[in-house]
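Residue numbers (the working numbering): 1 to 137.
Below is one structure; the comments refer to it alone.
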């Protein structure tokens with residue numbers, strides 16, 4: 001894996017691993033209309049690009065799309081990344097009968113929810129570092 005450089009921050013590739021040691025990890029994220037929703041989505045993209053898991057479509061799960069449900073059911077681990085305490089991603093997965101193995105809540109990582117839809121570089125780098133620490137344990 002290559003190191004990620006995000007707005008001048010270097011995130012070491014070896015820090016971007018899931019402690020489960022599985023290569024079949026599903027990443028589902030919020031993409032809600034707030035800064036933390038967009039940050040959740042960007043985190044899932046970054047984690048996918050670094051090989052932590054594979055980003056999958058939470059909306060498709062909520063829409064009961066059969067192929068997406070089968071793909072998710074075939075994963076060894078499921079990580080849900082929610083922006084705020086509404087926990088839409090986690091609830092969607094659980095309503096579909098999927099077990100969430102790790103739940104990450106962006107607002108618990110020190111990011112305050114607002115209506116800004118633009119992800120700030122330092123905010124992404126800082127949050128990605130915190131998520132990497134969570135997944136490593």
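Built from N, CA and C at the ideal position, the CB exists for glycine as well.
Only a predicted model underlies this, so the values are computations on that prediction, with no experimental measurement involved.
- By the 16-neighbour rule on beta-carbons within 10 angstroms, residue 82 is buried.
- Take residue 39, set aside five residues on each side of it, and the residues of its chain with a beta-carbon closer than 8 angstroms to its own are 83, 106, 111, 119, 123, 124, 127, in chain order.
- Check the Cα spacing between residue 41 and each of 136, 104, 137: the tightest is with 104.
- In terms of Cα proximity to residue 76, the closest of 99, 88, 57 is 99.
- Looking at 64, 65, 55, the one whose alpha-carbon comes closest to that of residue 78 is 55.
- Residue nearest to residue 114 within the set 30, 34, 96 is 34 (criterion: CA-CA distance).
- Excluding the 5 residues flanking it on each side, residue 45 has same chain C-beta neighbours closer than 7 angstroms at 55, in chain order.
- In this structure residue 102 is buried. Its beta-carbon is surrounded by 16 or more other beta-carbon atoms within 10 angstroms.
- If you draw a straight line from the Cα of residue 87 to the Cα of residue 23, it comes to about 25 angstroms.
- By DSSP's assignment, residue 29 forms a beta bridge with 81.
- Between the alpha carbons of residue 85 and residue 25 lies a gap of roughly 23 angstroms.
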